[in-house]
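Report on one structure; see the data block that follows.
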Amino acid sequence: MTAIPEKIKQNMIYAISQLANFSPRIVLGRTPQAIRIESDLAHPLYNRVVTYQGALSGNALDELGKLADDYRARKVPFTWLTWPQDDDVADLEQALEAIGLIKVEDMSGMSLSLTDWTYVAPAIPGFVIKQIRAPSEMKWFKDIPSVFGLDGEAGDVFVQICEAAAFGENAVFRHYVGFLDGKPAAAVTAIQDGETIGIYNVATLEAYRRRGLGSAMTAHAVREGQAAGGRIAVLQASKMGNGVYQSIGFSDDIAIGVYLG
127 MTAIPEKIKQ
137 NMIYAISQLA
147 NFSPRIVLGR
157 TPQAIRIESD
167 LAHPLYNRVV
177 TYQGALSGNA
187 LDELGKLADD
197 YRARKVPFTW
207 LTWPQDDDVA
217 DLEQALEAIG
227 LIKVEDMSGM
237 SLSLTDWTYV
247 APAIPGFVIK
257 QIRAPSEMKW
267 FKDIPSVFGL
277 DGEAGDVFVQ
287 ICEAAAFGEN
297 AVFRHYVGFL
307 DGKPAAAVTA
317 IQDGETIGIY
327 NVATLEAYRR
337 RGLGSAMTAH
347 AVREGQAAGG
357 RIAVLQASKM
367 GNGVYQSIGF
377 SDDIAIGVYL
387 G
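To get our numbering, take the position in the sequence shown, counting from 1, and add 126.
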């Protein structure tokens with residue numbers, strides 16, 4: 127049986143892979159040591175080393191440096207993630223700092239068993255959640271990228287990927303939009319890989335925050351995933367968001383290191 131930390135990691139790898147699957151501007155690279163994406167888009171979402179595992183001796187520092195230099199040569203910001211369950215993670219983190227990367231945060235890797243899970247969300251007057259079921263409805267999603275700092279071209283590509291991945295025979299994304307008094311106010315995306323439901327893109331527009339919309343959106347996406355056969359839900363959260371997800375039933379399982387280059 128796969129341990130929960132590895133389920134969190136594998137779902138992120140699956141989710142990141144979809145960026146490359148649905149955009150020609152993003153390239154997925156897989157070697158025995160690394161899984162990463164790269165792009166000409168100057169945003170770290172599209173330039174990331176998701177995982178690196180290998181012996182950190184001999185020429186390892188040179189190999190890490192070459193990966194980092196590939197991003198630097200294209201003058202794009204990039205992130206490098208570290209996973210506490212991996213072998214030699216402390217050595218890897220030390221090596222990343224040695225080649226000039228800076229640790230900017232620890233993301234929480236969280237999980238929720240869906241076996242017998244129930245949750246009754248507090249009522250929010252005037253709030254309705256709808257699944258996006260047609261490309262024409264993606265207009266509801268157009269303001270969401272700005273919540274993540276995805277402006278201009280980076281935001282346009284994000285919406286294009288989200289649309290391409292949500293429809294057709296190879297659809298893997300399920301998008302939900304929350305309307306408050308008839309206006310789009312919040313969103314969430316569910317990405318199902320086997321029995322694991324990944325929760326991504328949890329966003330509430332500035333004017334509608336602190337009303338419980340984020341937790342309501344997350345709970346709805348999890349409930350839909352449970353109905354579709356999901357047995358575990360996973361997500362990554364900032365420390366500020368932990369309480370929201372814990373109130374639904376998620377547990378804080380691992381700290382994912384985020385290094386910026």
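Even for Gly, the Cβ is constructed at its ideal location relative to N, Cα and C.
Once you ignore the five residues that flank residue i on each side, which residues in its own chain have a CB closer than 7 Å to its CB?
i, result
"asparagine 368", "Ser234, Asp378"
"glycine 351", "Ala316, Gln318, Ile323, Ala359"
"tryptophan 266", "Ile258, Val303, Pro310"
"histidine 346", "Ile255, Tyr302"
"tryptophan 243", "Gln352, Gly375"
"aspartate 307", "Gly252"
"serine 373", "Ser341"
Below 6 Å CB to CB, which residues in the same chain sit around residue i once its five sequence neighbours on both sides are set aside?
i, result
"valine 254", "Phe305"
"alanine 292", "Phe299, His301"
"isoleucine 225", "Leu190, Gly191, Ala194"
"alanine 280", "Leu167, His169"
"alanine 290", "Phe148"
"leucine 361", "Met236, Ile325"
"tyrosine 140", "Asp319"
Cutting at 8 Å between CB atoms, please list the residues of its own chain near residue i, excluding the five before and the five after it.
i, result
"glutamate 321", "Gly355, Gly356, Arg357, Ile358"
"glutamate 219", "Thr208, Lys229, Gly383, Tyr385"
"glutamine 211", "Ala129, Pro131, Glu132, Lys135, Ile380"
"aspartate 166", "Arg151, Arg200, Val202"
"aspartate 195", "none"
"threonine 241", "Arg357"
I think residue i touches residue j, with their Cβ atoms under 8 Å apart; what is that distance to the nearest whole Å?
i, j, result
"serine 239", "isoleucine 134", "That pair is no contact at about 13 Å."
"tyrosine 172", "leucine 190", "At roughly 20 Å, the Cβ-Cβ gap does not stay under 8 Å, so tyrosine 172 and leucine 190 are not in contact."
"aspartate 213", "glutamine 159", "Actually they are not in contact, since the Cβ atoms of aspartate 213 and glutamine 159 sit about 12 Å apart, beyond 8 Å."
"arginine 174", "phenylalanine 148", "Between phenylalanine 148 and arginine 174 the Cβ distance is about 16 Å, and since that is not below 8 Å, they are no contact."
"alanine 313", "isoleucine 270", "5 Å"
"leucine 187", "alanine 221", "6 Å"
"glycine 387", "isoleucine 250", "Going by Cβ atoms, the distance from glycine 387 to isoleucine 250 rounds to 41 Å, so no, they are not a contact pair."
For residue i, which option in the options has the closest C-alpha, if you only look at C-alpha atoms?
i, options, result
"tyrosine 371", "Val348, Asp307, Ile382, Leu167", "Val348"
"lysine 365", "Ala353, Ile374, Ala381", "Ala381"
"phenylalanine 284", "Ala168, Ser373, Ile161, Asp213", "Ala168"
"alanine 199", "Ala290, Lys268, Phe376, Glu164", "Glu164"
"glycine 294", "Gly275, Pro261, Ile325, Gly281", "Pro261"
"proline 170", "Lys268, Trp206, Ala292, Val314", "Trp206"
"tyrosine 245", "Asn185, Met343, Ala290, Lys268", "Met343"
"isoleucine 113", "Asp277, Asp232, Arg300, Ile225", "As displayed, the chain neither begins before 127 nor continues past 387, which places residue 113 out of reach and without an answer."
"valine 176", "Leu187, Thr157, Thr241", "Thr157"
"serine 272", "Leu361, Ile161, Leu331, Glu289", "Leu331"
"aspartate 142", "Leu227, Asp232, Ile287, Gly275", "According to the sequence provided, residue 142 is isoleucine. The question's aspartate does not apply to it. Considering only alpha carbons, the answer is Ile287."
"valine 328", "Asn296, Ala363, Glu263", "Ala363"
"leucine 227", "Pro248, Tyr197, Leu276", "Tyr197"
"methionine 264", "Leu276, Gly278, Ala247, Asp282", "Asp282"
*asked:* Quick check on the DSSP output: what are the complete alpha helix (DSSP H) runs of length 4 or more inside the segment 250-315, in order along the chain?
replied: 278-290
*Run through the segment 214-254 for me and flag every whole beta strand (DSSP E) of 3 or more residues, listed as ranges in chain order.*
228-239
*Would you list, in sequence order, the uninterrupted alpha helix (DSSP H) runs of no fewer than 4 residues that lie entirely inside the segment 135-217?*
Runs of the alpha helix (DSSP H) inside the segment 135-217: 186-199.
*Curious, which full-length beta strand (DSSP E) runs of at least 3 residues does the segment 344-374 contain?*
358-363
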